[in-house]
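Each protein sequence line maps, in turn, to chains R and X.
So the first sequence is numbered by this note's numbering: it starts at 17 and just counts up by one.
So the second sequence is numbered by this note's numbering: it starts at 29 and just counts up by one.
From the three backbone atoms N, C-alpha and C, an ideal C-beta is built for every residue, glycine too.
Reviewing the structure listed below.
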Amino acid sequence: MSIGRYLLRRALVALLLVFVVSSGTLLLTRLAPGDSATDAGLASDPAQRARLRGELGLDRPLGAQYLDWLAGALRFDLGWSVVFSRPVADLLSERALNTAVLASVALVGATAVGVPLGLYTGAHASGFGPGLVRTLSVVILSVPPLLGSLFFMLFAARTGWLPVGGMTSSVLADSGWMTWAIDLARHIPLPALALALPLAATLEQLQSQAIRESLREPFVRAAQARGLTFSQALRHHAWRVSLAPVLGLYGLMIGSLFSGSFAVEVVTGWPGLGRLMFDALRARDLYLVTGCAAAGACFIALGTLTADVMLVAADPRRRMGDLR
Amino acid sequence: MTRRAALFVLALAAIAVFAPALAPYDPATAHRGYLSAPPMPPRITDASGWRAPFIYPVVLADRLAQRYEEDRARTQPLPWYAADEVAPAFLIGADSFGRDLLSRLLFGARATIGLSLAATLVALLLGTLIGGLAGYRGGWIDEAAMRLADFVMVLPIIYVVLVLRALLPLVLPASVIFTLMTVIFALVGWPFVARGVRGIVSGERTRDYVVAARSLGAAGPRIFVRHLLPACAGYLMAQATLLLPAFILAEATLSYVGLGFPESVPTWGTMLVESADVNVMTRFPWMLAPAVAIFFVVLSANVILRSGKIERSLT
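Encoded structure:
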């Protein structure tokens with residue numbers, strides 16, 4: 017199979033994921049007892065409820081409603097949010113951006129710290145430095161985002177070094193682009209750290225294990241027998257091979273990044289997709305729940321797709337027809 | 029590693045069973061004069077030298093600010109040894125209702141760890157069955173089961189759990205919530221088990237000892253239980269060590285956001301709800317006690333896992 021066809025197939029699978037997740041959420045939420053007319057607290061008497069249901073299409077048969085939603089979704093019209101009284105698509109693009117900012121800062125930071133440290137601990141089996149990094153990594157891995165954000169909130173509130181919670185200070189609402197950016201830069205470290213630290217520790221452990229395994233490969237020893245120094249063999253041969261298992265896990269890590277991001281968003285009040293999903297679920301805001309699930313699935317699909325592309329780029333064996 | 033993992037699971041089970049027996053107070057009793065009282069750590073020395081473990085009781089210094097001061101003039105034995113009628117002794121503090129945090133933590137361990145153990149058990153069973161069937165039979169069953177597992181694995185687990193939980197009525201009896209959360213957790217946890225079991229079983233299936241058993245007339249289920257399952261034991265223990273802390277964390281997250289156990293049931297998650305208010309958390313940091321407890325459970329799991337081959341963390 018050629019690379020093109022392989023990637024095309026992966027892209028189709030990704031599209032299918034988005035379709036299945038959003039349809040499943042819509043149908044499940046619709047079939048479950050209760051809807052936004054009863055749970056959102058917007059309508060008190062039966063007449064009002066009936067009117068609200070009519071406006072939202074909740075009184076129509078499930079199949080017809082689903083087809084309508086699907087037709088709208090193809091034109092990026094994802095319906096109307098009852099809780100926020102805004103189109104779902106607008107809300108999503110706003111909140112998804114916030115989550116994307118948080119998640120990408122965390123992912124880039126975790127990679128920048130975790131992968132080099134993993135190379136370090138993987139290449140040096142013993143010694144004080146690697147031992148220290150390994151110990152720290154186990155401890156940090158044990159502070160999942162929920163706990164991390166709670167601990168960091170306490171730290172921030174006690175020291176006053178960082179703003180506690182939120183994404184921007186409301187006082188600075190419209191005082192120019194520069195102030196806004198600085199304000200954001202002050203708010204982002206706390207949630208990003210809570211999200212990134214366990215991720216960095218995971219990456220360190222994976223990279224460490226991968227490099228240890230690839231150092232045992234015959235061609236690495238052959239390279240050293242040819243006269244390459246250990247560090248040359250490490251950089252030019254072992255590292256390249258160890259990339260594949262690490263990159264392969266990025267696809268899966270997107271999922272845990274999302275779960276972690278939910279906890280962080282709820283604890284620190286970061287206005288992202290996770291919080292939106294939570295608010296939507298509590299009010300049974302049908303179209304918003306579905307939209308959030310679809311956006312989440314999109315993120316994951318994009319993440320796994322990127323991981324696939326990087327895998328092909330990193331491992332030459334995958335370009336030689338060894339694709340599955 | 030397998031032995032240590034088994035010990036870890038057993039230790040957690042022991043905590044779930046016995047912890048409440050160690051609680052000094054009833055977890056639901058609210059001590060009126062001690063709202064958000066600070067920890068009264070056990071001591072073994074005072075001005076006059078060494079003595080049996082004791083605490084200094086606290087007295088309310090400022091009712092509005094809920095500030096307490098240690099009363100150094102009086103001492104009091106630890107709560108387990110105290111006669112009745114003395115002031116309560118909160119070793120790690122009290123919550124905003126004046127309930128003993130230590131007792132709630134110990135009772136919470138039963139709910140939280142019990143739920144995680146149950147969910148882990150169901151996930152292991154489900155994963156072993158599906159993975160074993162896929163690996164042993166191969167063909168379209170294998171293909172379908174693994175596609176499904178892959179699909180569930182890439183989903184953002186917390187979102188799925190949230191949707192599934194939110195679909196059901198919010199207010200339910202605690203026992204129903206326990207069962208419900210067990211099922212939901214097991215539903216998202218099984219693929220991680222099934223993938224590995226499938227790999228092991230499909231690798232072992234063609235080995236001589238399995239072929240020999242089959243040629244002697246052993247039926248599929250017997251081969252699976254007697255010969256293939258033991259081959260998976262180490263992997264299953266490692267998975268249990270991974271899933272348990274993940275489920276403990278999931279309970280905490282769900283209860284923290286109000287979709288788990290009701291506030292009346294002490295669990296590590298419902299206890300964390302107190303820390304949702306930054307002001308409360310800053311002034312009474314002992315409300316984070318369940319977070320520290322979770323940290324230690326996750327830490328012990330990670331130490332055990334680090335001694336073996338690393339699998340992906342679920343959290």
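Could you work out which residues of chain X lie near residue i, taking near to mean beta carbons separated by less than 9 Å?
| i | result |
| --- | --- |
| T175 of chain R | What T175 of chain R touches in chain X: nothing, since even the nearest Cβ is about 10 Å away. |
| F144 of chain R | None at all; the shortest Cβ gap to chain X is about 18 Å. |
| T45 of chain R | V191, A194 and L195 |
| P49 of chain R | L195, L196 and P197 |
| F278 of chain R | P184, I186, Y187, L190, T281 and V285 |
Provide the residue span of the alpha helix (DSSP H) that contains residue i, from first to last.
| i | result |
| --- | --- |
| W177 of chain R | Neither: W177 of chain R is in no alpha helix (DSSP H) and is coded neither H nor E. |
| R95 of chain X | Where R95 of chain X is concerned, there is no enclosing alpha helix (DSSP H), although the beta strand (DSSP E) it sits in stretches over R95 to E98. |
| V129 of chain R | V104 to A139 |
| V199 of chain X | From DSSP, V199 of chain X is part of no alpha helix (DSSP H); its letter is neither H nor E. |
| D295 of chain R | L289 to R298 |
| E279 of chain X | L257 to Y284 |
| T320 of chain R | L302 to A330 |
| M29 of chain X | Element bounds for M29 of chain X: n/a, residue is neither H nor E. |
| L157 of chain X | L129 to R165 |
| F92 of chain R | Taken as a continuous stretch (DSSP letters only), F92 of chain R belongs to no alpha helix (DSSP H), as it is neither H nor E. |
| A319 of chain X | A317 to R334 |
| E281 of chain R | W255 to T284 |
| D236 of chain X | D236 to S243 |
What residue does the beta strand (DSSP E) around residue i start on, and which one ends it?
| i | result |
| --- | --- |
| D199 of chain R | Segment W193 to H203 is the alpha helix (DSSP H) holding D199 of chain R; no beta strand (DSSP E) there. |
| D74 of chain X | R71 to D74 |
| F82 of chain X | G77 to I83 |
| L88 of chain X | V86 to D90 |
Give the single residue among the options whose Cα lies nearest to the Cα of residue i.
| i | options | result |
| --- | --- | --- |
| A216 of chain R | R:S230, R:I198, R:V155 and R:F246 | R:V155 |
| L43 of chain R | R:W85, R:H252 and R:R102 | R:W85 |
| L343 of chain R | R:T45, R:L78 and R:S101 | Coverage of chain R is limited to positions 17 through 340, which leaves residue 343 of chain R absent and any answer about it impossible. |
| L304 of chain R | R:I316, R:G290, R:L90 and R:G143 | R:G290 |
| T298 of chain X | X:A117, X:A240, X:A139 and X:P313 | X:A139 |
| Y263 of chain X | X:L277, X:V114, X:M315 and X:V221 | X:V221 |
| A48 of chain R | X:A194, X:F252, X:V189 and X:Q94 | X:A194 |
| S39 of chain R | R:L90, R:L133, R:R26 and R:L24 | R:L90 |
| P318 of chain X | R:D295, R:F278, R:L162 and R:F315 | R:L162 |
| S105 of chain R | R:T115, R:L94 and R:L113 | At residue 105 of chain R the sequence reads Ala, which differs from the Ser that was named. The residue with the shortest Cα to Cα distance from A105 of chain R is R:L94. |
| G155 of chain X | X:L183, X:V238 and X:A214 | X:A214 |
| E232 of chain X | X:R250, X:C260 and X:A246 | X:C260 |
| T295 of chain X | X:T57, X:G121, X:I141 and X:L92 | X:I141 |
So with CB distances below 9 Å, who are the chain R contacts of residue i?
| i | result |
| --- | --- |
| A222 of chain X | Chain R residues near A222 of chain X: none, gap ~15 Å exceeds 9 Å. |
| S303 of chain X | L166, M169, L170 and V283 |
| L316 of chain X | L163, L166, F167 and L170 |
Report the rounded CA-to-CA distance for residue i versus residue j, giving the unit in angstroms.
| i | j | result |
| --- | --- | --- |
| G319 of chain R | L265 of chain R | 11 Å |
| V150 of chain X | A34 of chain X | 17 Å |
| L200 of chain X | L287 of chain X | 11 Å |
| N307 of chain X | T284 of chain R | 13 Å |
| W177 of chain R | V320 of chain X | 23 Å |
| L153 of chain X | P55 of chain X | 34 Å |
| A304 of chain X | R223 of chain X | 37 Å |
| L63 of chain X | E98 of chain X | 15 Å |
| L161 of chain X | G167 of chain X | 10 Å |
| S76 of chain X | Y96 of chain X | 25 Å |
| L302 of chain X | A80 of chain R | The residue you asked about is not Leu; residue 302 of chain X is Glu in the sequence shown. Going from the Cα of E302 of chain X to the Cα of A80 of chain R covers about 45 Å. |
| H255 of chain X | A268 of chain X | 21 Å |
| L200 of chain R | L118 of chain R | 11 Å |
| I212 of chain X | F289 of chain X | 14 Å |
| D74 of chain X | Q104 of chain X | 12 Å |
| V285 of chain X | V282 of chain R | 8 Å |
Give the interface partners of residue i over in chain R, defined as CB-CB distance under 7 Å, in chain order.
| i | result |
| --- | --- |
| A33 of chain X | Simply none; closest approach about 15 Å. |
Could you list which residues in chain X have their beta carbon closer than 7 Å to that of residue i, in chain order?
| i | result |
| --- | --- |
| T41 of chain R | V191 |
| F235 of chain R | Within chain X, no residue comes near F235 of chain R; the closest Cβ sits about 23 Å away, beyond 7 Å. |
| G181 of chain R | V306 |
Give me the chain X residues within the contact set of residue i, using Cβ-Cβ distance strictly less than 8 Å, ordered along the chain.
| i | result |
| --- | --- |
| T195 of chain R | Those within 8 Å of T195 of chain R in chain X number zero; the least Cβ separation is about 24 Å. |
| G70 of chain R | Those within 8 Å of G70 of chain R in chain X number zero; the least Cβ separation is about 23 Å. |
| S275 of chain R | P184, I185, I186, Y187 and T343 |
| A89 of chain R | Going along chain X, no residue has its Cβ under 8 Å from A89 of chain R, so there is no contact; the nearest lies around 18 Å. |
| P132 of chain R | Those within 8 Å of P132 of chain R in chain X number zero; the least Cβ separation is about 18 Å. |
| G271 of chain R | M181, V182, L183, P184 and I185 |
| I316 of chain R | V182, L183 and P184 |
| F294 of chain R | L190 and V285 |
| A309 of chain R | Y187 and V191 |
Residues of chain R with CB under 8 Å from residue i, in chain order?
| i | result |
| --- | --- |
| M309 of chain X | L166, M169, L170 and A173 |
| V331 of chain X | V154 |
For residue i, go through chain A and note every residue whose CB falls closer than 9 Å to its CB, in chain order.
| i | result |
| --- | --- |
| M326 of chain R | The structure shown contains no chain A; the protein chains it does contain are R and X. |
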